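Counting in this note's numbering, the sequence shown tops out at residue 510, every number present. Glycine included, every Cβ here is placed at the ideal spot set by N, Cα and C. Every value quoted in this text rests on a predicted model; they were computed, and no experiment measured them. Remarks on the structure that follows.
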Amino acid sequence: MKTLRLILGDQLNIKHSWFKKSDDSIVYCLFEMRQETDYVKHHVQKVIGFFAAMRQFAEVLKSNGHHVVYYKINDSNNKQNLLDNLNQLIQDFNIEHFEFILPDEYRLDKQLHTFTDQLHISYTSNSAEHFYTNRNDLADFFEGKKQYLMENFYRDMRKKHDILMIAGQPEGGKWNYDKSNRNKWKGEVKIPSYKWFNNNVKEVVSDIKKAKIITFGKFKNDTFNYPITRAQAIDQLKYFCEELLIHFGTYQDAMHTDEEYLFHSRLSFAMNLKLISPKDIVISVMNYYRKHIEDINISQVEGFIRQIIGWREYMRGMYWAFMPNYKNLNELDNTNKLPDFFWTGDTKMNCLKHAINNSLDNGYAHHIQRLMITGNYALLTQTNPGEVDDWYLGIYVDAIEWVQLTNTRGMSQFADGGKIATKPYVSSGSYINKMSNYCSSCHYNHKNKVEENACPFNSLYWNFLDDKREQLGNNFRMKMMYSLLDKMDKQDLQKIKEKAKHIILNQDDY
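The following block contains the structure:
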């Protein structure tokens with residue numbers, strides 16, 4: 001039976017059971033489409049990375065004897081729409097059966113459901129064979145519960161998959177070493193030279209320019225530095241284990257003007273495209289840890305494992321539990337515009353300048369820069385979460401909606417009212433000073449609240465608490481801060497609110 005199999009741009013899993021053997025009756029298809037480049041404005045490196053990885057994957061399939069139809073962005077046969085391309089191939093190859101891997105993004109899942117509902121041939125859907133969990137596992141786990149606490153899910157994952165467990169108990173005696181993962185990096189531990197892959201993507205860049213795809217961000221030297229093949233992803237993982245894991249946990253929340261990546265793995269792009277699986281990563285990290293257990297503290301490993309089997313799987317589960325309504329939640333009623341400097345990096349606030357320019361230069365920022373710098377600022381200025389979503393989805397090479405949306409609208413912007421985070425992740429300048437060296441060379445003083453040189457985060461923080469008292473005043477994790485707010489002199493608070501209002505109305509002047 002002549003079969004057409006669809007591979008989406010984030011389904012590049014060469015270990016999938018589909019590819020165990022070649023079969024002349026099966027046609028595989030991959031498409032570079034305007035549908036995907038245009039639904040939000042993307043960082044140029046994100047588009048380059050996806051196209052480059054997809055092209056490499058197609059070549060691997062061909063070399064393994066599979067029949068592949070690949071439409072590049074400017075191919076004359078490319079109708080730039082998923083359903084139109086599929087319908088054309090079904091007609092051209094007299095296809096009798098259609099197969100697809102379940103998408104991880106609701107938008108594409110809905111599109112494929114529309115397509116299959118209208119098909120006049122048989123079809124089947126298949127698992128991505130990538131995640132530890134299925135789409136609905138998290139919803140089932142929390143059924144009947146009022147709170148969806150990630151920690152409970154994470155502990156269950158540890159038990160279920162026997163990861164960092166000894167005789168049914170957490171290895172080391174603790175489930176979570178988060179308190180050991182909050183150190184400021186001051187240069188006391190040397191960071192090894194970063195691993196670059198220098199993938200030549202000159203042809204991809206030329207094709208993007210020819211197609212006149214509208215992007216933003218920077219790209220230099222016609223080389224893409226993140227892994228775009230499984231072999232490169234494995235090489236990057238090996239490098240992380242040997243060079244970075246030993247200090248990952250300690251400094252995973254740290255930020256520094258001179259270091260873009262610190263001890264982070266830079267594996268998220270490859271993992272989200274499924275070049276490498278979370279199981280591959282966990283197994284490799286655990287094997288390396290076991291061989292070097294005398295040198296590597298468990299807090300380093302647990303901090304990393306938590307990101308993979310806890311946070312990543314949890315975010316995907318929350319996405320599928322609450323979509324499509326989740327995308328429209330705005331429980332704090334925030335409506336302000338995202339300032340222009342988010343697209344240029346042109347601001348006198350040093351923390352934002354570095355975090356945003358790092359993102360514009362590299363399509364990257366680690367989780368604390370995303371949460372406590374750009375996300376914190378957007379929330380304190382009461383920005384429309386839809387604008388924040390689009391920026392986060394566009395600017396990072398690893399951003400795919402199933403993981404971006406829950407992190408942004410839930411964890412970062414608290415727009416879901418507390419489904420994911422038990423409190424808003426907001427702070428004044430003191431936290432930023434504690435976790436980075438940004439403040440030491442900033443135009444603003446992180447200690448001042450209302451003076452001309454006062455750190456904007458300070459007045460914005462107290463103004464936010466006061467403005468959102470109705471929604472947040474009864475939050476048990478916010479009681480101490482509201483107690484401090486209540487003790488504040490009313491005239492001082494008024495000056496703080498006037499300062500914050502001026503900042504919000506004139507953000508691009510700061």
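Residues bridged to residue i [DSSP beta-bridge criterion]
| i | result |
| --- | --- |
| A454 | N445 |
| L4 | V27 and F98 |
| T383 | N336 |
| M255 | S436 |
| H43 | F216 |
| Q413 | Q413 pairs with nothing; no bridge assigned. |
| P170 | M165 |
| F224 | N199 |
Where the beta strand (DSSP E) through residue i begins and ends
| i | result |
| --- | --- |
| V27 | I26 to F31 |
| S125 | S122 to N126 |
| V68 | H67 to Y71 |
Nonlocal neighbours in the same chain, by C-beta distance under 6 Å from residue i, ignoring five residues either side
| i | result |
| --- | --- |
| I400 | D10 and N272 |
| M286 | none |
| C442 | N350 |
| N78 | Y71 |
Same chain, Cβ closer than 7 Å to residue i, five either side skipped, listed in chain order
| i | result |
| --- | --- |
| S22 | N64, G65 and H66 |
| W343 | F216 |
| T37 | V47 and I213 |
| G426 | It should be pointed out that residue 426 corresponds to Val in this sequence rather than to Gly. Excluding sequence neighbours, V426 sits near N376, L379, L380, Y461 and F464. |
N- and C-terminal bounds of the alpha helix (DSSP H) containing residue i
| i | result |
| --- | --- |
| D346 | Here D346 belongs to no alpha helix (DSSP H), and DSSP marks it neither H nor E. |
| I503 | K490 to L505 |
| G363 | First-last for G363: undefined, no H or E at that position. |
| N87 | L82 to D92 |
| P278 | P278 to K291 |
| E151 | M150 to H161 |
| G303 | I298 to I305 |
| A270 | S268 to N272 |
| F142 | It is not in any alpha helix (DSSP H) - F142 carries neither H nor E in the DSSP assignment. |
| D295 | Counting along the chain, D295 falls outside any alpha helix (DSSP H), and DSSP gives it neither H nor E. |
| G317 | E313 to F322 |
| R230 | R230 to Y239 |
| S76 | Unbroken run through S76: none, as it is neither H nor E. |
| L405 | E401 to L405 |
| E470 | R469 to L472 |
Classification of residue i by the beta-carbon crowding that lies within 10 angstroms, buried from 16 upward
| i | result |
| --- | --- |
| E470 | exposed |
| Y39 | exposed |
| F476 | exposed |
| W402 | buried |
| I356 | buried |
| R290 | exposed |
| A167 | exposed |
| E294 | exposed |
| E511 | As displayed, the chain neither begins before 1 nor continues past 510, which places residue 511 out of reach and without an answer. |
| D207 | buried |
| E203 | exposed |
| H366 | buried |
| M54 | buried |
| E302 | buried |
Nonlocal neighbours in the same chain, by C-beta distance under 8 Å from residue i, ignoring five residues either side
| i | result |
| --- | --- |
| E313 | F131, Y132, T133, L138, F153, M157 and P278 |
| M165 | R158, K159 and E171 |
| R135 | L102, R316, G317 and W320 |
| N183 | T250, Y251, D253 and A254 |
CB contact flag (residue i, residue j, <7 Å)
| i | j | result |
| --- | --- | --- |
| Q35 | L82 | yes |
| W196 | N176 | no |
| Q45 | G363 | yes |
| P456 | Q413 | no |
| F269 | Y251 | no |
| I281 | L352 | no |
| N334 | T383 | yes |
| Y106 | M372 | no |
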